[in-house]
Amino acid sequence: MTNKVSMNWVGLAVTDLARSRRFYEELLGFTYQRELEAPDQATSKLLQIAPPVNLKAVYLTLDGFVLELLHFDREGNPPSRNRPMNEPGFTHLSLNVDDLAGLLKRVPEFGGTVIEDSDVGPAICIRDPDGQLIELLANS
637 MTNKVSMNWV GLAVTDLARS RRFYEELLGF TYQRELEAPD QATSKLLQIA
687 PPVNLKAVYL TLDGFVLELL HFDREGNPPS RNRPMNEPGF THLSLNVDDL
737 AGLLKRVPEF GGTVIEDSDV GPAICIRDPD GQLIELLANS
């Protein structure tokens, strides 16, 4: 008997939910699906984070992919940092775009950063407002 496994979402912790929603929705074209204020006791146990957790999650979709933005409104959250690509764990999102040059011009307006040194013509990397690496590939 085979146990079917299917994809739900990928979670991304953010420091400012409104800013991240604006970046992913208005710049990258994600669509708001729903939000959830997670119950503290169960969330603390599931995520192995000492209470109070104060987690609010927003779910965004793009072409069937679901991105879960997680905001922990509490003291003692670790600071965001730019993880090296070869560090174990999820490394980046990769998105196809129709107008790469046009999108790159707008990245700073939404709090992101263009990594100019990564430009290889049809692909370049940017960082979201919290430093998450995103690879952009030009549709050909």
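Residues 637 to 776 in the working numbering are what the sequence shown spells out, letter by letter. The beta-carbon is built from N, C-alpha and C at its ideal position, and this holds for glycine as well.
Three-way DSSP call (helix, strand, coil) for residue i in this model
i	result
Lys692	strand
Arg763	strand
Gln677	helix
Arg853	Outside the shown range of the chain (637 to 776) lies residue 853, about which nothing can therefore be said.
Ala686	coil
Neighbourhood of residue i by C-beta distance below 7 Å, restricted to the same chain and skipping five residues each side
i	result
Gly665	Leu698
Leu703	Trp645, Val646, Leu648, Tyr660, Phe666 and Leu696
Neighbourhood of residue i by C-beta, 8 Å cutoff - its chain only, sequence neighbours within 5 removed
i	result
Phe659	Phe746, Gly747, Gly748, Asp764 and Pro765
Met721	Thr727, His728 and Leu769
Ala759	Glu771, Leu772, Leu773 and Ala774
Nearest candidate by alpha-carbon position, reference residue i, set the options
i	options	result
Leu683	Leu696, Asp734, Ile760 and Ala649	Ala649
Phe708	Pro758, Asp676 and Arg717	Asp676
Tyr668	Val694, Ser656, Thr679 and Asp735	Val694
Arg710	Pro758, Glu671, Leu772 and Asp652	Asp652
Ser754	Arg742, Glu723, Arg657 and Leu773	Leu773
Leu739	Glu662, Lys640, Asn713 and Met637	Glu662
Val750	Val756, Gly757 and Ile762	Ile762
Leu731	Glu752, Ala654, Gly700 and Leu706	Gly700
Pro715	Pro724, Gly767, Ser776 and Ser656	Gly767
Neighbour-count burial assignment, residue i, 16 or more Cβ in a 10 Å radius
i	result
Val743	buried
Review point. What are the start and end residues of each continuous alpha helix (DSSP H) run of 4 or more residues lying completely inside the stretch 721 to 757, in chain order?
Key: 736 to 742
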